[in-house]
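Here the protein sequences come in this chain order: W and L. Mind the numbering: the first sequence is residues 31 to 459 in the numbering used here, read in order. Mind the numbering: the second sequence is residues 31 to 459 in the numbering used here, read in order. Worksheet: one structure, shown below.
There are 2 protein chains.
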Amino acid sequence: MLKLSTSDPGFDRDFAALVNARRESDADVARDVRTIIASVRDEGDSAIAAFTKKFDHHDLNETGWRIEKTDWIAAYEGLDPALRDALELAATRIAAYHEKQKPADSDTIDSAGVRLGARWNAIQHAGIYIPGGRAAYPSSVLMNAIPAKVAGVERLVMVTPTPKGEINPLVLAAAHIAGVDEIWRVGGAQAIAALAYGTGRIAAVDVITGPGNAWVAEAKRQLYGVVGIDMVAGPSEIVVVADGRNDPEWIAADLLSQSEHDPTSQSILFTDNASFAERVADAVDLQIGQLSTARVARDSWDANGAIIVTADLMEAMPLVDRLAPEHLELACDDPQALFDRVRHAGSVFLGRHTPEAIGDYVAGPNHVLPTGRRARFASGLSVLDFMKRTSFLQCDEAALAAIGPAAVALAEAEGLPAHARSVALRLTK
Amino acid sequence: MLKLSTSDPGFDRDFAALVNARRESDADVARDVRTIIASVRDEGDSAIAAFTKKFDHHDLNETGWRIEKTDWIAAYEGLDPALRDALELAATRIAAYHEKQKPADSDTIDSAGVRLGARWNAIQHAGIYIPGGRAAYPSSVLMNAIPAKVAGVERLVMVTPTPKGEINPLVLAAAHIAGVDEIWRVGGAQAIAALAYGTGRIAAVDVITGPGNAWVAEAKRQLYGVVGIDMVAGPSEIVVVADGRNDPEWIAADLLSQSEHDPTSQSILFTDNASFAERVADAVDLQIGQLSTARVARDSWDANGAIIVTADLMEAMPLVDRLAPEHLELACDDPQALFDRVRHAGSVFLGRHTPEAIGDYVAGPNHVLPTGRRARFASGLSVLDFMKRTSFLQCDEAALAAIGPAAVALAEAEGLPAHARSVALRLTK
Numbered sequence: 031m032l033k034l035s036t037s038d039p040g041f042d043r044d045f046a047a048l049v050n051a052r053r054e055s056d057a058d059v060a061r062d063v064r065t066i067i068a069s070v071r072d073e074g075d076s077a078i079a080a081f082t083k084k085f086d087h088h089d090l091n092e093t094g095w096r097i098e099k100t101d102w103i104a105a106y107e108g109l110d111p112a113l114r115d116a117l118e119l120a121a122t123r124i125a126a127y128h129e130k131q132k133p134a135d136s137d138t139i140d141s142a143g144v145r146l147g148a149r150w151n152a153i154q155h156a157g158i159y160i161p162g163g164r165a166a167y168p169s170s171v172l173m174n175a176i177p178a179k180v181a182g183v184e185r186l187v188m189v190t191p192t193p194k195g196e197i198n199p200l201v202l203a204a205a206h207i208a209g210v211d212e213i214w215r216v217g218g219a220q221a222i223a224a225l226a227y228g229t230g231r232i233a234a235v236d237v238i239t240g241p242g243n244a245w246v247a248e249a250k251r252q253l254y255g256v257v258g259i260d261m262v263a264g265p266s267e268i269v270v271v272a273d274g275r276n277d278p279e280w281i282a283a284d285l286l287s288q289s290e291h292d293p294t295s296q297s298i299l300f301t302d303n304a305s306f307a308e309r310v311a312d313a314v315d316l317q318i319g320q321l322s323t324a325r326v327a328r329d330s331w332d333a334n335g336a337i338i339v340t341a342d343l344m345e346a347m348p349l350v351d352r353l354a355p356e357h358l359e360l361a362c363d364d365p366q367a368l369f370d371r372v373r374h375a376g377s378v379f380l381g382r383h384t385p386e387a388i389g390d391y392v393a394g395p396n397h398v399l400p401t402g403r404r405a406r407f408a409s410g411l412s413v414l415d416f417m418k419r420t421s422f423l424q425c426d427e428a429a430l431a432a433i434g435p436a437a438v439a440l441a442e443a444e445g446l447p448a449h450a451r452s453v454a455l456r457l458t459k
Numbered sequence: 031m032l033k034l035s036t037s038d039p040g041f042d043r044d045f046a047a048l049v050n051a052r053r054e055s056d057a058d059v060a061r062d063v064r065t066i067i068a069s070v071r072d073e074g075d076s077a078i079a080a081f082t083k084k085f086d087h088h089d090l091n092e093t094g095w096r097i098e099k100t101d102w103i104a105a106y107e108g109l110d111p112a113l114r115d116a117l118e119l120a121a122t123r124i125a126a127y128h129e130k131q132k133p134a135d136s137d138t139i140d141s142a143g144v145r146l147g148a149r150w151n152a153i154q155h156a157g158i159y160i161p162g163g164r165a166a167y168p169s170s171v172l173m174n175a176i177p178a179k180v181a182g183v184e185r186l187v188m189v190t191p192t193p194k195g196e197i198n199p200l201v202l203a204a205a206h207i208a209g210v211d212e213i214w215r216v217g218g219a220q221a222i223a224a225l226a227y228g229t230g231r232i233a234a235v236d237v238i239t240g241p242g243n244a245w246v247a248e249a250k251r252q253l254y255g256v257v258g259i260d261m262v263a264g265p266s267e268i269v270v271v272a273d274g275r276n277d278p279e280w281i282a283a284d285l286l287s288q289s290e291h292d293p294t295s296q297s298i299l300f301t302d303n304a305s306f307a308e309r310v311a312d313a314v315d316l317q318i319g320q321l322s323t324a325r326v327a328r329d330s331w332d333a334n335g336a337i338i339v340t341a342d343l344m345e346a347m348p349l350v351d352r353l354a355p356e357h358l359e360l361a362c363d364d365p366q367a368l369f370d371r372v373r374h375a376g377s378v379f380l381g382r383h384t385p386e387a388i389g390d391y392v393a394g395p396n397h398v399l400p401t402g403r404r405a406r407f408a409s410g411l412s413v414l415d416f417m418k419r420t421s422f423l424q425c426d427e428a429a430l431a432a433i434g435p436a437a438v439a440l441a442e443a444e445g446l447p448a449h450a451r452s453v454a455l456r457l458t459k
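In structure tokens:
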């Protein structure tokens, strides 16, 4: 864990190194993924079966390609009632938040008499990737599937690897609650290729979202353009800005909630109180030992954790903007004053009673957020990722007479005579 | 040019072939582009100078790296007044249309007492790529730069190759009108890499948009994630749906306005009148001979043009959706009835007096639109491409008590104890 203070003589250099440190894997999987994609495109289902046998160690023709709806319903009905209520509450709140993101159409006539507008439509077919293994989270199913269904996606396809054929019933139950339409027992780059190109069994989709390992991420990147995708995702991160009046135990738990995700995760505390910084560091050390995720959390905190002491909390804000964190907690009495200074962050958690984890599950906003400083240019997953906009315009004779001559002049200046003629012919009649 | 009729026995097969035909270059430029990107990242300005000498045949240290603002102003002031007025009208109308795209922030408190919201901010630094040579269009400058400036981008950087040092004064004038902040005499994949990573001279940006050749497109694709980019662009296309009461000369000009762009462009007419189809085909042949762009238009029309006769216009609409065209003209008396059936199209031009070219220049909607069937999942360039959204939430003790237990239950079920603890600690106090 790195300790810095803005009053250190080498602070600028050390902080710049922290900002620019790359935690993302450099694994060169591009060539393997190209091979997998080409095989699936050319050979379809037989390539899918072969890669599944190789990587997931089961035979799709024995385990079954699709997971049947009766299985999801059984998983849903078999849930512990408290857990089912928790999933239902989360789903309801996520749907309510995303419902408000639905964009409005426009259709107006301007002073030149030109009708101008934009119409939004849902993507027709969407796919979501849900990892198997450690990161098989029902909350990921809800966060990817619900915005798609709120948008109006007609066919929502989930793909998920089932190593040795096993699948997490919580994931199935979440898919049932979220309204997924199909689930396929396929993972890895081959699943992304199947969704992008379609195979004999699996019909193609138009957009693919959802988390995955380096192969999945690279497959999405390579197929970007063939299909739409959500943002390229990297390791998770949290920045907490906290004054000395917080309970150090609470802040330590917040930092660890990010560290326990993955050894590449990052947790950073800014505080204006040096002794509070020490107390949080001690509380982190104490709490780590009590976690079933201790090994991951310890690796992450040791390698990527940081505590930075500033003269006051406001001094932290431009530094936070340089980090453009995925998650930002503002734990103080007047979080709004700090929030007004935030320009680059995926999601912000205001005040002492808003731990980041509340947003991972039940608050409502999406937990799929831009990582690795991408909040400078990217947003969290939303209904807009599952919709697209068609612009439209309509001229009558008078409107075309008003604006047409300028189009003719510009088309001629650009050396495009058929453009000019298509307008000019309609001006002379 | 392909002639089809929905009454042909082989229509389904022939139309499917048309839908699936790939007009995009398969040039394998990925390796070259990887090399260029790595050189620029590692060596900065010296790599830029070397690639510019190699590809654009001039020495940046002699011609100058930046084009100075005095040069843009001179280009603007030297414009023919009619052309200046046309550019100004276009800029004003484009700005007015895009102004309405600015998204609203939200900030509400729900029934559980949870404050939930979203706040939009402009991207801070954006870059636009403007090609040199045949496609050096001032309209592209307006269509890329104005949405950025309407969004609130603080620093808008234009890069453009100047083969042998020459640049189109119309492009400079358009940059001046649109409010561009910097112009660099750099093009190709090396310009995209410079914008993404920054060099000694050129500071990095957060988002890059704008058209380009296969190298530029591949560089954007490879750097997607390091920066934000607009959609992957392919050859341009138009679909015209027209009844027999149109002037065949008008419709022929509309088809050719797409064909003249590039040999890979595509123009398709759907009509319910076979003799009108013949008259349009004849008019196309006649008009091509009169164009300064005849060679390109002829190649494109011969290779990729199509006329499809349907029983009635409504029969065309599901076929149009399968093509998901970049541009769609509906030239008939009641275009709204057809438009109501359109789901996948980049931009729609309604009625007999709305040639597509009016939208290329002065109508207001963006002319950067999804090509190659990408209207199934992508939208035209907009203010949203230059903004990003930060979600936020705030709980007080009561709100956390209402929704916190569900988060604890889900975190425990996912095996993430620090997540659970960060919420649970705040529930017991």
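Glycine included, every Cβ here is placed at the ideal spot set by N, Cα and C.
Length of the line joining the Cα atoms of residue 205 of chain W and residue 172 of chain W:
7 Å
Mind checking which residues open and close the beta strand (DSSP E) that includes residue 137 of chain W?
Its beta strand (DSSP E) spans residues 136–139.
In this structure, how does DSSP classify residue 267 of chain L when only helix, strand and coil are distinguished?
In this structure, residue 267 of chain L counts as strand in the three-state DSSP scheme.
Suppose contacts are defined by Cβ-Cβ distances below 8 Å. Is residue 240 of chain W in contact with residue 170 of chain W by that definition?
yes
Per the DSSP calculation, residue 214 of chain W is bridged to which residue(s)?
W:96, W:189
For residue 128 of chain W, which residues in chain L fall below 9 Å Cβ to Cβ?
The contacting residues do not exist; residue 128 of chain W stays about 11 Å from chain L at best.
Under DSSP, the alpha helix (DSSP H) around residue 344 of chain W begins and ends at which residues?
From DSSP, the alpha helix (DSSP H) with residue 344 of chain W extends over 343–353.
Could you pull out every residue in the same chain whose Cβ sits closer than 8 Å to the Cβ of residue 304 of chain L, ignoring the five residues on either side in sequence?
Result list for residue 304 of chain L: 35, 339, in chain order.
Are the C-beta of residue 151 of chain L and some C-beta of chain B separated by less than 8 Å?
The structure shown contains no chain B; its protein chains are W and L.
Considering only the alpha carbon of each residue, which of L:62, L:49, L:124 lies closest to residue 421 of chain W?
Of the candidates L:62, L:49, L:124, L:124 places its Cα closest to the Cα of residue 421 of chain W.
Confirm, please, whether the CB-CB distance from residue 43 of chain W to residue 296 of chain W is below 8 Å.
Going by beta carbons, residue 296 of chain W and residue 43 of chain W fall outside the 8 Å limit.
Out of curiosity, what's the CA-to-CA distance linking residue 134 of chain W and residue 87 of chain W?
One alpha carbon belongs to residue 134 of chain W, the other to residue 87 of chain W, and they sit about 47 Å apart.
Any beta carbon of chain W sitting closer than 8 Å to that of residue 448 of chain L?
yes
Can you give, in chain order, each stretch of the alpha helix (DSSP H) that sits fully within the segment 394–430 of chain L and has at least 4 residues?
none
Does the beta-carbon of residue 452 of chain L have 16 or more other beta-carbons within 10 angstroms, so that it is buried, or is it exposed?
buried
Where residue 196 of chain W and residue 388 of chain L are concerned, what is the direct C-alpha to C-alpha distance, given to the nearest angstrom?
58 Å
I want to verify the contact list: residues of chain W whose CB lies under 8 Å from the CB of residue 290 of chain L, in sequence order.
Residues of chain W passing the Cβ test: 446, 447, 448, 449.
Of all the CB atoms in chain L, is at least one closer than 8 Å to the CB of residue 293 of chain W?
no
How about the segment 177–190 of chain W and the segment 151–160 of chain W: do they share at least three Cβ pairs that are nearer than 8 Å?
yes
Distance check for residue 353 of chain L and residue 230 of chain W, CA to CA, integer angstroms please.
Annotation: residue 230 of chain W to residue 353 of chain L spans about 22 Å, alpha carbon to alpha carbon.
Cβ of residue 409 of chain W within 7 Å of any heavy atom in the ligand FAD?
The ligand FAD is absent from the structure shown, which contains no ligands of any kind.
Decide if the segment 252–270 of chain W is in contact with the segment 102–116 of chain W; the criterion is three or more beta carbon pairs, one per stretch, under 8 Å apart.
no
List the residues of chain W whose Cβ lies closer than 8 Å to the Cβ of residue 381 of chain L, in chain order.
424, 425, 426
Rounded to whole angstroms, how far is the Cβ of residue 127 of chain L from the Cβ of residue 395 of chain L, which I believe are closer than 8 Å?
Yes, they are in contact, since the Cβ atoms of residue 127 of chain L and residue 395 of chain L sit about 6 Å apart, within 8 Å.
Residue 415 of chain L: which of W:418, W:407, W:227 sits nearest, CA to CA?
W:407
Would you check if the distance between the CB atom of residue 246 of chain W and the CB atom of residue 226 of chain W is smaller than 8 Å?
no
DSSP-derived helix/strand/coil call for residue 194 of chain W
Shown here, residue 194 of chain W sits in a helix according to DSSP, grouped into three states.
Positions along the segment 231–251 of chain L whose CB lies within less than 8 Å of some CB in chain W:
Cβ contacts with chain W: 236, 237, 251.
Which residues of chain L have a Cβ atom closer than 7 Å to the Cβ of residue 33 of chain W, listed in chain order?
Chain-ordered listing is empty here: chain L has no CB closer than 7 Å to the CB of residue 33 of chain W, the nearest sitting near 21 Å.
Count Cβ pairs between the segment 347–367 of chain L and the segment 313–332 of chain L that sit closer than 8 Å; are there 3 or more?
Counting Cβ pairs under 8 Å, fewer than three are found: no touch.
Would you call the CB atoms of residue 270 of chain W and residue 350 of chain W closer than 8 Å?
Not a contact, by the Cβ cut-off of 8 Å.
Does DSSP put residue 142 of chain L in a helix, in a strand, or in coil?
Residue 142 of chain L falls in the coil class under three-state DSSP.
According to DSSP, is residue 84 of chain W helix, strand or coil?
helix
Considering Cα atoms alone, identify which of W:331, W:190, W:146, W:443 is closest to residue 311 of chain W.
W:331
Counting only the same chain and skipping the five closest in sequence on each side, list residues whose C-beta sits under 7 Å from that of residue 392 of chain W.
Within the same chain, residue 392 of chain W has close Cβ partners 119, 120, 123.
Assuming residue 411 of chain W and residue 260 of chain W are in contact, meaning their beta carbons sit under 8 Å apart, how far apart are those beta carbons, in whole angstroms?
6 Å
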